[in-house]
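For what it's worth, the numbering used here labels the leading residue of the sequence shown as -12, then goes sequentially.
Structure first, then comments.
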Amino acid sequence: MLSAGDFRNGITIEYDNNIYQIIEFQHVKPGKGAAFVRTKLKNIINGGVVEKTFRPTEKFEEARIDRVEMQYLYSDGDLFYFMDMNTFEQIGLNQEQIGDALKFVKENEMVKIISHKGNVFAVEPPLFVELEITDTEPGFKGDTATGATKPATVETGALVYVPLFVNLGDKIKIDTRTGEYLSRV
């Protein structure tokens, strides 16, 4: 058990049948009345942020979040299959559990499966991936002074905006958090 007086940034707690991560907290001691803890909590399953105040003596169950590195094997209709490389155990997750996480991930790449009490709620792709351009318009020579971009499709089917000098068949590095082009490889 964890009391509100022991809050620190990054701690995950169970509160109101949800799992929250503490984004910020502040111990407040007003001149009149009892002290309290003002917090900003992020629901780690749906991403919503709420502000709550607690008495410093209130107790909370600390939520244990498991992050397991697994290999993305393949997709079969609505299910996406992953394998733990240590135990060779395979699991299938549906589109709702995955969201857009596999937008830049090729088969056989490693991802982190994030769960709480065995319930998977997120898939975390690697921070940076290298993918090949499969479709893009040709750039025009000399038209790079403005820093203009053009749409390009990568081998996973995702759309990325790249500089005009990037051509069909080039390998590029992408930041999976923002979906932005970083460099040619």
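We put the CB at the ideal spot given by N, CA and C, even for glycine.
Looking only at its chain, what residues have a beta carbon closer than 8 Å to the beta carbon of residue i, apart from the 5 residues adjacent to it on each side?
{"i": "residue 95", "result": "58, 59 and 60"}
{"i": "residue 44", "result": "-10, -9 and -8"}
{"i": "residue 82", "result": "65 and 67"}
State the start and end residues of the unbroken beta strand (DSSP E) segment that holds residue i.
{"i": "residue 11", "result": "5 to 15"}
{"i": "residue 159", "result": "158 to 162"}
{"i": "residue 25", "result": "23 to 30"}
{"i": "residue 97", "result": "97 to 103"}
{"i": "residue 47", "result": "46 to 49"}
{"i": "residue 124", "result": "Careful: residue 124 lies outside any beta strand (DSSP E) and carries neither H nor E."}
For the alpha helix (DSSP H) that contains residue i, what are its first and last residues?
{"i": "residue 85", "result": "82 to 85"}
Here's a check: name, in chain order, each residue in its chain whose Cβ is nearer than 6 Å to the Cβ of residue i, leaving out the five neighbours to either side.
{"i": "residue 10", "result": "27 and 29"}
{"i": "residue 40", "result": "23 and 25"}
{"i": "residue -5", "result": "none"}
{"i": "residue 21", "result": "none"}
When we look at the beta-carbon of residue i and count the other beta-carbons within 10 Å, is it buried (16 or more) or exposed?
{"i": "residue -1", "result": "buried"}
{"i": "residue 12", "result": "buried"}
{"i": "residue 165", "result": "exposed"}
{"i": "residue 7", "result": "buried"}
{"i": "residue 74", "result": "exposed"}
{"i": "residue 169", "result": "exposed"}
{"i": "residue 123", "result": "buried"}
{"i": "residue 118", "result": "buried"}
{"i": "residue 112", "result": "buried"}
Starting from the C-beta of residue i, find all residues in its chain whose C-beta is less than 7 Å away, skip the five residues before and the five after it, and write them out in chain order.
{"i": "residue 135", "result": "151"}
Could you round the C-beta distance between residue i and residue j to whole angstroms and report it? I think they count as a contact, below 8 Å.
{"i": "residue 85", "j": "residue 55", "result": "15 Å between Cβ atoms; not a contact."}
{"i": "residue 91", "j": "residue 160", "result": "Not confirmed; about 11 Å, so no contact."}
{"i": "residue 93", "j": "residue 163", "result": "Contact flag wrong, Cβ pair sits at about 12 Å."}
{"i": "residue 67", "j": "residue 89", "result": "7 Å"}
Validate contact between the region 140 to 156 and the region 103 to 115 using beta carbons, cut 8 Å, 3 pairs
no
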